[in-house]
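**Q** Chains as they are written, first to last, in the working numbering: chain A, 1 to 268; chain B, 269 to 548; chain C, 549 to 901.
Glycine residues also receive a C-beta, built at the ideal position from the N, C-alpha and C atoms.
Since the model is a prediction, treat every value here as computed from it, not as a measurement.
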Amino acid sequence: MRNDGMFLGRIAVAALSWGVMAFLVVPLAVVIGVSVTETDFLKFPPQGFSLKWYGALLGDRTYLEAFWLSAELAVASTFAALLLGVPAALVLSRRRFPGAQAFNALFISPLVLPNIVIGVAILQYASLMGFARGFFALLVGHIVIVVPYVVRTTLASLAGVEASYEEAAQDLGATSFETFFLVTLPQIKPGVIAGSLFAFIISWINVEVSIFNSTSLQVTLPVKIFNYVQFTVDPMIAAVSAVTIYVAILAVILLDATIGVEKAATGT
Amino acid sequence: MRIGRFEAMLLLGGPVLFLVLFFIAPFALMTIASLQQKSGAWTMGQYAKLVTDSYYWEILLETFKIGLWVAFVTFVLGYALAYYITFQVKSRFLRRLIFLVVVTPLFTSNIVRSFAWIIMLGRQGIVNRSLQATGLISEPLSLVYSKTGVIVGLSYVLLPFMVLTVSSILQNLNRTLLEAARDLGASPLMAFLKVTFPLSLPGVIAGSLMVFTLSVSAYVTPSVMSGGRFNVMPMLIFQQYMVLFDFNFGAALAILLMITTLLLMGAYVMVLERRARALG
Amino acid sequence: MSDDFINVDRLSKRFGPVTALAEVSLSVRRGEFLSMLGPSGCGKTTLLRAIAGFIEPSSGEIRIDGKVMNAVPPNRRPVNTVFQNYALFPHMTVWENVAFGPRRRRVPRREIATQVDEVLAMVGMEDFGGRYPRALSGGQQQRVALARAIVNRPRVLLLDEPLGALDLKLRKRMQVELKRLHERLGLTFIYVTHDQEEALAMSDRIAVMKAGEIVQLGTGEEIYRNPVSRYVADFIGEANLIDVVAEPDGTVRLGPDRAALPYAGVAPGAATLMVRPEDIRVGEPNRADGAVTLRATVRDKVFIGQSWRIFAVLPTGQEITVQPGSSHEAERVVPGAETPLWWPRDRGRILAQ
Numbered sequence: 001m002r003n004d005g006m007f008l009g010r011i012a013v014a015a016l017s018w019g020v021m022a023f024l025v026v027p028l029a030v031v032i033g034v035s036v037t038e039t040d041f042l043k044f045p046p047q048g049f050s051l052k053w054y055g056a057l058l059g060d061r062t063y064l065e066a067f068w069l070s071a072e073l074a075v076a077s078t079f080a081a082l083l084l085g086v087p088a089a090l091v092l093s094r095r096r097f098p099g100a101q102a103f104n105a106l107f108i109s110p111l112v113l114p115n116i117v118i119g120v121a122i123l124q125y126a127s128l129m130g131f132a133r134g135f136f137a138l139l140v141g142h143i144v145i146v147v148p149y150v151v152r153t154t155l156a157s158l159a160g161v162e163a164s165y166e167e168a169a170q171d172l173g174a175t176s177f178e179t180f181f182l183v184t185l186p187q188i189k190p191g192v193i194a195g196s197l198f199a200f201i202i203s204w205i206n207v208e209v210s211i212f213n214s215t216s217l218q219v220t221l222p223v224k225i226f227n228y229v230q231f232t233v234d235p236m237i238a239a240v241s242a243v244t245i246y247v248a249i250l251a252v253i254l255l256d257a258t259i260g261v262e263k264a265a266t267g268t
Numbered sequence: 269m270r271i272g273r274f275e276a277m278l279l280l281g282g283p284v285l286f287l288v289l290f291f292i293a294p295f296a297l298m299t300i301a302s303l304q305q306k307s308g309a310w311t312m313g314q315y316a317k318l319v320t321d322s323y324y325w326e327i328l329l330e331t332f333k334i335g336l337w338v339a340f341v342t343f344v345l346g347y348a349l350a351y352y353i354t355f356q357v358k359s360r361f362l363r364r365l366i367f368l369v370v371v372t373p374l375f376t377s378n379i380v381r382s383f384a385w386i387i388m389l390g391r392q393g394i395v396n397r398s399l400q401a402t403g404l405i406s407e408p409l410s411l412v413y414s415k416t417g418v419i420v421g422l423s424y425v426l427l428p429f430m431v432l433t434v435s436s437i438l439q440n441l442n443r444t445l446l447e448a449a450r451d452l453g454a455s456p457l458m459a460f461l462k463v464t465f466p467l468s469l470p471g472v473i474a475g476s477l478m479v480f481t482l483s484v485s486a487y488v489t490p491s492v493m494s495g496g497r498f499n500v501m502p503m504l505i506f507q508q509y510m511v512l513f514d515f516n517f518g519a520a521l522a523i524l525l526m527i528t529t530l531l532l533m534g535a536y537v538m539v540l541e542r543r544a545r546a547l548g
Numbered sequence: 549m550s551d552d553f554i555n556v557d558r559l560s561k562r563f564g565p566v567t568a569l570a571e572v573s574l575s576v577r578r579g580e581f582l583s584m585l586g587p588s589g590c591g592k593t594t595l596l597r598a599i600a601g602f603i604e605p606s607s608g609e610i611r612i613d614g615k616v617m618n619a620v621p622p623n624r625r626p627v628n629t630v631f632q633n634y635a636l637f638p639h640m641t642v643w644e645n646v647a648f649g650p651r652r653r654r655v656p657r658r659e660i661a662t663q664v665d666e667v668l669a670m671v672g673m674e675d676f677g678g679r680y681p682r683a684l685s686g687g688q689q690q691r692v693a694l695a696r697a698i699v700n701r702p703r704v705l706l707l708d709e710p711l712g713a714l715d716l717k718l719r720k721r722m723q724v725e726l727k728r729l730h731e732r733l734g735l736t737f738i739y740v741t742h743d744q745e746e747a748l749a750m751s752d753r754i755a756v757m758k759a760g761e762i763v764q765l766g767t768g769e770e771i772y773r774n775p776v777s778r779y780v781a782d783f784i785g786e787a788n789l790i791d792v793v794a795e796p797d798g799t800v801r802l803g804p805d806r807a808a809l810p811y812a813g814v815a816p817g818a819a820t821l822m823v824r825p826e827d828i829r830v831g832e833p834n835r836a837d838g839a840v841t842l843r844a845t846v847r848d849k850v851f852i853g854q855s856w857r858i859f860a861v862l863p864t865g866q867e868i869t870v871q872p873g874s875s876h877e878a879e880r881v882v883p884g885a886e887t888p889l890w891w892p893r894d895r896g897r898i899l900a901q
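Quick look at the structure:
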């Protein structure tokens with residue numbers, strides 16, 4: 001739409017917008033920049049170029065273990081979320097029954113509640129049940145907060161698949177099982193993959209749920225960073241943080257490659 | 269696809285069972301704990317303590333104030349960017365790039381994002397070091413460990429949500445309405461003020477509610493950037509559970525926070541539904 | 549062995565407060581081409597889907613070849629459907645689409661190839677096996693959908709307005725092809741449409757539906773000549789629906805003080821006299837008895853190629869349309885003049901409201 005006569009206004013909006021984008025990018029760039037400095041203290045722009053902090057990271061077993069734990073949790077909870085979320089989404093979208101709305105709300109609700117509240121609730125429960133501060137407690141918490149993402153994107157995908165394809169498959173003799181795997185799944189694949197990506201990342205970056213069941217021996221990477229940052233800041237922790245930023249960039253690129261970042265972000 | 273009743277129960281039953289065991293049950297337990305003393309005796313004392321001690325009301329108020337500021341800042345910054353993307357960026361490549369820039373921070377942990385501000389503005393941070401190095405100041409400035417710091421940090425973390433919500437609304441705006449306004453003699457500024465902005469208002473309200481809710485529920489950013497100077501509600505909850513080991517009072521605080529959030533989300537849903545109905 | 553192949557017995561379907569089917573009963577004969585005809589919302593698609601198994605009846609029974617089908621899921625009924633939007637699997641080629649059914653039945657691979665090739669040839673799509681549905685035109689997709697259904701040799705083929713999306717010429721051509729296919733395969737076809745010309749052209753019998761009920765079932769000619777109600781008369785072909793009055797003494801008149809018309813046996817009160825435009829002739833009757841005569845004022849006449857359409861007004865003020873077969877009669881008609889009209893008595897029918 002042509003906004004003639006509003007040239008100044010357009011410039012102002014554009015300038016502000018680019019400023020906002022810089023605002024979004026610069027802090028992350030600073031973290032990455034600091035991570036390659038030769039100095040022992042934070043310096044930006046970095047002095048020299050050294051990967052020694054990454055080396056230090058690789059040499060520190062506690063960081064490697066934290067990285068590994070976060071990765072394990074992310075993979076496991078994503079997998080579990082798929083096993084739980086996809087069938088649930090399937091039933092919710094393909095079968096009408098009283099109370100379906102309530103079940104829908106149930107699956108979406110962890111998204112709505114404060115993560116910290118979920119974290120303490122699970123700690124309390126796990127304490128009572130005797131599995132507090134173990135891997136299982138961490139896993140369960142992650143699954144709970146991650147399932148809504150899978151359910152949401154799968155529901156959206158399923159809504160886009162015309163019911164007539166599935167009916168045609170059944171009409172031609174396919175069981176529900178065959179129908180799902182041969183006809184439905186190929187068509188909702190992008191949505192399911194996007195949901196998995198969301199699930200993985202949400203688990204990977206989580207602090208508020210992991211912190212309650214982490215111990216000094218069993219701590220996820222974000223929680224480890226959180227603990228560290230309270231005491232001191234140095235390029236080493238910048239390197240650790242930079243690694244997580246690289247993972248984020250990779251995930252966004254993957255997301256864009258599957259269903260496109262715009263569609264994933266705005267749902268259009 | 270016809271899913272038989274038995275199949276439906278099987279497919280839905282597993283997930284529901286999981287959530288009942290590890291989501292509903294913990295919350296039920298927490299609710300019960302909030303109504304008990306440490307000994308297990310039933311009491312309304314936890315909530316009484318909450319309601320009668322003004323300290324907690326002050327904290328809640330502070331938490332809300334911070335939330336309002338964050339909503340305001342993200343609204344100003346976010347609306348501009350959303351408007352820019354929707355109405356002024358024509359190149360599809362550029363749009364995609366901008367969305368990448370907006371979404372990538374969302375995929376980084378909020379601790380990393382908060383940490384970035386500490387790197388920049390903290391006591392041992394870059395700004396302070398360079399200022400000290402040039403001799404302009406002798407003592408590091410406290411730029412970050414304050415309420416302002418928390419607001420900046422939270423605004424940074426939550427800005428993408430505002431951008432995405434508002435841009436979604438703006439994109440679905442009926443462009444012909446704008447053309448009609450211009451056709452009837454409105455200047456671009458008038459068209460914006462009288463047509464675009466009012467129509468986008470539900471999106472703005474929804475985005476603000478979302479940012480406010482997330483801000484009020486945030487633990488990491490305030491914890492790291494308050495410098496121990498003040499508390500917000502989530503920090504109180506953390507302290508009760510992890511420092512004081514008072515699971516009962518902590519539960520009451522958590523329930524309070526949860527109810528607040530649910531009410532806000534309820535408002536959010538209502539706003540969106542009303543908009544959907546208004547647009548037919 | 550009964551000739552009835554499919555029995556629908558007092559089938560009802562309710563969606564909440566809405567009744568889509570109200571105690572519908574229908575018997576479809578082996579090998580016949582039966583159409584279900586009606587406007588949207590009349591229940592014809594609901595009935596078709598109930599037979600296919602996609603809708604669970606609220607009450608009533610469906611039997612195919614004597615076996616009750618109510619509890620049988622769609623994938624196990626001896627029925628195949630051609631969907632309105634074709635529903636070709638977009639991620640499979642034409643060949644894979646058609647092979648889908650046989651594969652589900654674990655037919656050996658070599659046989660599948662033979663069957664698929666044969667049926668694709670039958671619909672004229674033998675060169676398109678490797679294409680994807682999105683590369684095909686509407687008519688081509690339609691034929692693939694047909695092939696995909698018939699390759700399974702179903703006892704019954706259900707067709708849900710399959711020609712709706714095609715343009716007129718293509719539609720007429722496909723009607724002929726479908727009819728030929730029906731004769732060649734000898735299957736029972738149940739066809740849903742809202743187009744009465746289509747139904748008349750293709751069907752052995754037609755079930756006219758309205759608001760969840762079958763209002764008339766019969767051959768095209770039966771329904772055309774002897775419609776059972778105003779609704780059916782108006783829906784099939786064109787009809788003049790003339791308001792008449794049945795007197796207590798048994799006579800039927802245009803109005804209370806008009807001459808009696810040679811119809812009788814109707815309950816006293818308001819009634820409808822139906823006569824089709826093409827059955828009305830202009831001038832004096834050429835038969836001694838059995839003719840109904842009227843005088844009407846011609847309002848307008850329009851040339852429509854094979855004949856003229858004459859719009860006339862009856863003495864009671866009601867408008868009728870006349871479309872005589874011969875243009876000679878029509879040519880003599882003068883707009884504005886009062887003209888004698890007549891029709892053979894048996895071409896008019898008295899209908900209940």
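Under 9 Å between C-beta atoms, does Glu65 of chain A make it to chain B?
**A** Output row for Glu65 of chain A: interface = no.
**Q** Does the beta carbon of Arg152 of chain A come closer than 9 Å to any beta carbon on chain B?
**A** So no, Arg152 of chain A is outside the interface.
**Q** Using DSSP bridges, identify the partner residues of Thr220 of chain A.
**A** According to DSSP, which records beta bridges pairwise, Thr220 of chain A is partnered with nothing at all.
**Q** Strictly under 9 Å for the Cβ-Cβ distance: is Trp53 of chain A near chain B by that measure?
**A** Closer than 9 Å: no.
**Q** Can you tell me whether DSSP reads Phe459 of chain B as helix, strand or coil?
**A** Position check: residue 459 of chain B holds Ala in this sequence, whereas Phe was assumed. Helix at Ala459 of chain B.
**Q** Should Thr841 of chain C go down as buried or exposed, given a rule of 16 or more other Cβ atoms within 10 Å for buried?
**A** Thr841 of chain C is exposed by the Cβ-count criterion.
**Q** Please report the residue range of the beta strand (DSSP E) in which Asn378 of chain B lies.
**A** Not the beta strand (DSSP E): Asn378 of chain B falls in the alpha helix (DSSP H), residues 378 to 389.
**Q** Could you list which residues in chain A have their beta carbon closer than 7 Å to that of Ala600 of chain C, in chain order?
**A** Those within 7 Å of Ala600 of chain C in chain A are Asp171.
**Q** On a Cα-Cα basis, can you pick out the residue from A:Val147, A:Ala264, A:Glu178 that is closest to Leu82 of chain A?
**A** When only C-alpha atoms are compared, the closest one is A:Val147.
**Q** What number of angstroms, rounded off, separates the C-alpha of Glu795 of chain C from the C-alpha of Val823 of chain C?
**A** Near 20 Å, if we compare the C-alpha coordinates of Val823 of chain C and Glu795 of chain C.
**Q** So for Asp673 of chain C, helix, strand or coil by DSSP?
**A** Before going on, a small fix: residue 673 of chain C reads as Met here, not Asp. Note: Met673 of chain C maps to coil in three-state DSSP.
**Q** Could you pull the DSSP bridge partners for Phe914 of chain C from this structure?
**A** Residue 914 of chain C falls outside the range modelled here, since chain C spans only 549 to 901, and no answer is possible.
**Q** Please list the terminal residues of the continuous beta strand (DSSP E) segment that includes Arg558 of chain C.
**A** Its beta strand (DSSP E) spans residues 552 to 563.
**Q** Note down, in chain order, every chain A residue with its Cβ under 8 Å from the Cβ of Thr629 of chain C.
**A** The answer, in chain order, is Glu167, Ala168, Asp171.
**Q** Near Pro373 of chain B, which residues of its chain fall below 7 Å by C-beta distance, leaving aside the five closest residues on each side in sequence?
**A** Closer than 7 Å at Cβ, skipping near neighbours: Arg381, Pro428.
**Q** Please compile the residues from chain A whose C-beta is within a distance smaller than 8 Å of the C-beta of His876 of chain C.
**A** Here the premise fails: no neighbours, minimum Cβ distance about 53 Å.
**Q** What residue ranges within the stretch 631 to 695 of chain C form continuous alpha helix (DSSP H) runs of no fewer than 4 residues, ordered along the chain?
**A** Those alpha helix (DSSP H) runs which fall completely within the stretch 631 to 695 of chain C and span 4+ residues are 642 to 652, 657 to 670.
**Q** Alpha carbon to alpha carbon, what distance is there between Tyr509 of chain B and Thr311 of chain B?
**A** One C-alpha to the other measures close to 19 Å.
**Q** What residues are listed by DSSP as bridge partners for Ser50 of chain A?
**A** Partner(s): none; Ser50 of chain A has no beta bridge.
**Q** Whose C-alpha, out of C:Val616, C:Glu580, C:Ala818, is nearest the C-alpha of Glu731 of chain C?
**A** Comparing Cα-Cα distances from Glu731 of chain C to each of C:Val616, C:Glu580, C:Ala818, the minimum goes to C:Glu580.
**Q** Under DSSP, the alpha helix (DSSP H) around Trp68 of chain A begins and ends at which residues?
**A** Unbroken alpha helix (DSSP H) run through Trp68 of chain A: 61 to 94.
**Q** Closer than 7 Å between beta carbons: that is the criterion. Which residues of the stretch 172 to 199 of chain A meet it against chain C?
**A** Residues passing the 7 Å Cβ filter: Leu172, Gly173, Ala174, Thr175, Glu178, Val183, Pro186, Gln187.
**Q** Name the residue from C:Asp827, C:Gln632, C:Asp752 whose alpha carbon lies nearest to the alpha carbon of Ala787 of chain C.
**A** It is C:Asp827.
**Q** Using DSSP bridges, identify the partner residues of Lys615 of chain C.
**A** Beta-bridge pairing links Lys615 of chain C to C:Ile612.
**Q** On a Cα-Cα basis, can you pick out the residue from A:Leu69, A:Leu106, A:Ala71 that is closest to Gly85 of chain A?
**A** Nearest C-alpha to Gly85 of chain A: A:Leu106.
**Q** Grouping DSSP H, G and I as helix and E and B as strand, with all else coil, what is Val261 of chain A?
**A** If DSSP states are grouped into helix, strand and coil, Val261 of chain A belongs with the helices.
**Q** Quick check: the Cα distance between Met236 of chain A and Val150 of chain A, rounded to an integer number of angstroms?
**A** Looking at the two C-alpha atoms, the distance is approximately 34 Å.
**Q** For Pro565 of chain C, which option in C:Gly686, C:Ser777, C:Ile762, C:Ser606 has the closest C-alpha, if you only look at C-alpha atoms?
**A** Nearest C-alpha to Pro565 of chain C: C:Ser606.
**Q** What residue does the alpha helix (DSSP H) around Ala126 of chain A start on, and which one ends it?
**A** Counting along the chain, the alpha helix (DSSP H) containing Ala126 of chain A begins and ends at 115 to 129.
**Q** Could you give the distance in angstroms between the alpha-carbon of Val243 of chain A and the alpha-carbon of Ala697 of chain C?
**A** If I take the Cα positions, the gap works out to 55 Å.
**Q** Taking beta-carbon pairs under 7 Å, can you tell me which members of the stretch 71 to 94 of chain A lie near chain E?
**A** Of the protein chains in this structure, namely A, B and C, none is chain E.
**Q** Since Gly817 of chain C sits in a beta bridge, which residues does DSSP pair it with?
**A** Note: Gly817 of chain C sits in a beta bridge opposite C:Ala794.
**Q** Sorted by chain position, which residues of the same chain lie with C-beta nearer than 8 Å to Pro626 of chain C's C-beta, five sequence neighbours on each side aside?
**A** Excluding positions up to five away in sequence, the list reads Ile612, Asp613, Pro702, Arg703, Val704.
**Q** Helix, strand or coil for Ala600 of chain C per DSSP?
**A** In this structure, Ala600 of chain C counts as helix in the three-state DSSP scheme.
**Q** Roughly how many whole angstroms lie between the Cα atoms of Ala56 of chain A and Val240 of chain A?
**A** C-alpha separation (whole angstroms): 10 Å.
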